[in-house]
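J.: My questions all concern the structure below.
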Amino acid sequence: MFTGLVESVGTVVSLESKGEQARLLLDIPFASELTLGDSVAINGCCLTVAEFFETGTAFDLLAQTLRVTSLGALATDSVVNLERAMMVGDRFGGHFVQGHVDGTGQITRLEENGQDHILGVSLPPEIHRHCIH
Numbered sequence: 002m003f004t005g006l007v008e009s010v011g012t013v014v015s016l017e018s019k020g021e022q023a024r025l026l027l028d029i030p031f032a033s034e035l036t037l038g039d040s041v042a043i044n045g046c047c048l049t050v051a052e053f054f055e056t057g058t059a060f061d062l063l064a065q066t067l068r069v070t071s072l073g074a075l076a077t078d079s080v081v082n083l084e085r086a087m088m089v090g091d092r093f094g095g096h097f098v099q100g101h102v103d104g105t106g107q108i109t110r111l112e113e114n115g116q117d118h119i120l121g122v123s124l125p126p127e128i129h130r131h132c133i134h
């Protein structure tokens, strides 16, 4: 479970296609605090730590993940939002978020309102009921 609040940002080291799957290698500031199998939300999508390298932390992207997220479009040096999974007893200031992605939307409006931004997003009808406004 996640709070949905961005904890940190990381950088894409590489994204290597492997047939219908891919391997995402990220430079993560808190990598030394992770272990194999830990869950990390990357741009809101829950992924599992698959391997550690001197150059970064690896995550495997399955065909379904590539189909319903925008993670397959990441490029080297792209910046991604990161959040570690909640621990029992942690305080949280967001929502309970699983990080399971059911689809992607399209930004239809971006409006600046002082220091805030208002986004309009068009969603596929089948995922409307899963969204909080």
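Note that the numbering used here numbers the sequence shown so that position 3 is 4, with each residue one more than the last. Glycine included, every Cβ here is placed at the ideal spot set by N, Cα and C.
What are the complete alpha helix (DSSP H) segments, minimum 4 residues, inside the segment 6-76?
T.: 64-69
J.: So, using beta-carbon positions, are Leu67 and Ala32 closer together than 8 Å?
T.: no
J.: Using CA atoms only, rank isn't needed, just tell me which of Leu83, Ser18, His131, Val7 is closest to Asn102.
T.: Residue 102 is actually Val in this sequence, not Asn. Closest by alpha carbon: His131.
J.: Can you give me the start and stop residues for the beta strand (DSSP E) that Gly121 sits inside?
T.: 117-123
J.: Within 10 Å of its beta-carbon, does Asn44 have 16 or more other beta-carbons around it, so buried, or fewer, so exposed?
T.: buried
J.: Can you have a look at Ile108 and say buried or exposed, based on whether 16 or more other CB atoms are within 10 angstroms of its CB?
T.: exposed
J.: Need the endpoints of the beta strand (DSSP E) that Val89 sits in, please.
T.: Per DSSP, Val89 belongs to no beta strand (DSSP E) and is neither H nor E.
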